[in-house]
Amino acid sequence: MASLDLIIPCYNEEEVLPLFYSTIQKTVQNLVNCQVRLLFVNDGSRDGTLRLLQSYAAENEQVKYISFSRNFGKEAAMLAGMRMSSAEYVGIIDADLQHSPDLIPKMLKALIEEDYDIAAAKRVDRKGEGKVISGFSALFYKMINRISDANIEDGAQDFRIMKRKVVDAVLDMPEYNRFSKGIFSWVGFRTKWFPHENSKRAAGKTKWSFWKLLSYAVDGIINFSTVPMKVSFICGSFSSFVGIIYAAYIFVRTLIYGSDVPGYPSIICAVLVIGGFILLSLGILGEYISRIYMEVKQRPNYIIDETNILPEKHQKN
Ligand code: UDP
Ligand code: MG
């Protein structure tokens, strides 16, 4: 019999959890020949999420949960879930019912019968999303695919089911800064994409704002590419080249016509442009260095406060 662990990251989801739980129960009951566990990860919710999870776990032994000591973010929650998982197939699904559980049986079938290693949902439209955000995210995918060695599908979602070997490969990547979209594609394997409608959240609020998305995009680029550093190298070289030519021109001109005082505007321009390049390059370097700093510290990605799973498997950070 096949076994499936479904990871569900939850952050302040008390409004939608009861509906999610009853929906997923129905899906799970229809999966004959498959033993399913629901691994809820409570990512430091400040509402009644944990109490709900405890009550589900008390009535249903298929329900497991880990609860973090504070909010560590969805990346950390997914990582904790994968570390806890032991099943042959491991899935990740949001708690807000934007990822429709109906896809789960189809995804499993693709893995079991069609010999795919990953079955993942891919957004087909951007309904219910602002124009600005859609535009920016299209730009982001274009850029990251051009400058990094991870080939990220536009619209790829975290909603997926993977074979054990894929999860093990993902867990073998020891980095602290985890950009899952990139990691999932970087490890490779055969993926079947399932077109998936963007539906509205069933209840509760999204945790994303424009700025959070922007910093997520920067994270993705910095984590999977060193091209920005090369860009600042190229800009720097170019402006030094222009500077040298200009200096030579001034030298020759002074020899021929003698020195005169004007030139104030051109100096200011040069100072501004070069100063700008220097600061920009320092900023880009800083982004990389701050990540190296976090990696070197080797802090755990999350801290577990409470769980109903045996501790030895997932405590390793
Ligand atoms: N989530 C989480 N930690 C966070 C933010 C979100 O575990 O810090 C969970 C959240 O509970 C949900 C999923 O990640 O199950 C997706 O979050 P959300 O619906 O806010 O994102 P969106 O669907 O808008 O991208
Ligand atoms: Mg959502």
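The sequence shown runs 4 to 320 under this note's numbering.
All C-beta atoms, glycine included, are put in the ideal place defined by N, C-alpha and C.
Contact between I312 and K67 holds, with the beta-carbon distance rounding to 5 Å and staying under 8 Å. About 7 Å separates the beta carbons of I136 and F213, which is inside the 8 Å limit, making them a contact pair.
Distance from the CA of A83 to the CA of P177, rounded to the nearest whole angstrom, comes to 13 Å. Distance from F23 to A98 at the Cβ level is roughly 5 Å; contact confirmed, criterion being Cβ atoms closer than 8 Å. Shown here, E309 sits in a strand according to DSSP, grouped into three states. Residue pairing from DSSP places L7 in a beta bridge opposite V39 and Y92. Here the region 9–17 lies against the region 33–50, with 3 or more beta-carbon pairs under 8 Å apart.
If you compare the alpha carbons of L56, Y305, L34 and E16 with that of K109, the shortest gap goes to L34. Shortest Cα-Cα distance from C37 to any of P268, E91 and R149 involves E91.
V66 has L41 as its beta-bridge partners, per DSSP. In this structure, D99 has its CB closer than 6 Å to one or more heavy atoms of the ligand UDP. In this structure, K112 is the residue among S228, F71 and K112 with its C-alpha nearest to the C-alpha of W196.
Between K166 and D120, the C-beta gap is smaller than 7 Å, which places the two residues in contact.
Exclusion of the five residues before and after L288 leaves M232 and S235 as the residues of its chain whose Cβ lies within less than 8 Å of its Cβ.
Looking only at I69, S151 and S243, the smallest Cα-Cα distance to V221 is reached by S151. A direct Cα-to-Cα measurement between F75 and I307 gives close to 10 Å. In the DSSP annotation of this structure, the continuous segment of the beta strand (DSSP E) that includes K125 starts and ends at I121 to R126. Here R204 is not near Q57, since their CB atoms are 7 Å or more apart. For Q28, the enclosing alpha helix (DSSP H) begins and ends at L20 to N33.
Per DSSP, the continuous alpha helix (DSSP H) segment holding P231 begins and ends at V230 to Y260. Ranked by Cα distance from D157, the options S188, L258 and Y59 are led by S188. At least one heavy atom of the ligand UDP is found less than 6 Å from the C-beta of D46. Secondary structure at A206: coil, using DSSP grouped into helix, strand and coil. Per DSSP, reduced to three states, the secondary structure at M165 is strand. Of the candidates K210, L275, V274 and S284, the residue whose Cα lies closest to the Cα of I237 is S284.
Only residues of its own chain outside the window of five on either side were considered, and among them A220 have a CB closer than 6 Å to the CB of F143, listed in chain order. In this chain, F280 is not harboured by any beta strand (DSSP E); it is covered by the alpha helix (DSSP H) spanning Y267 to K300.
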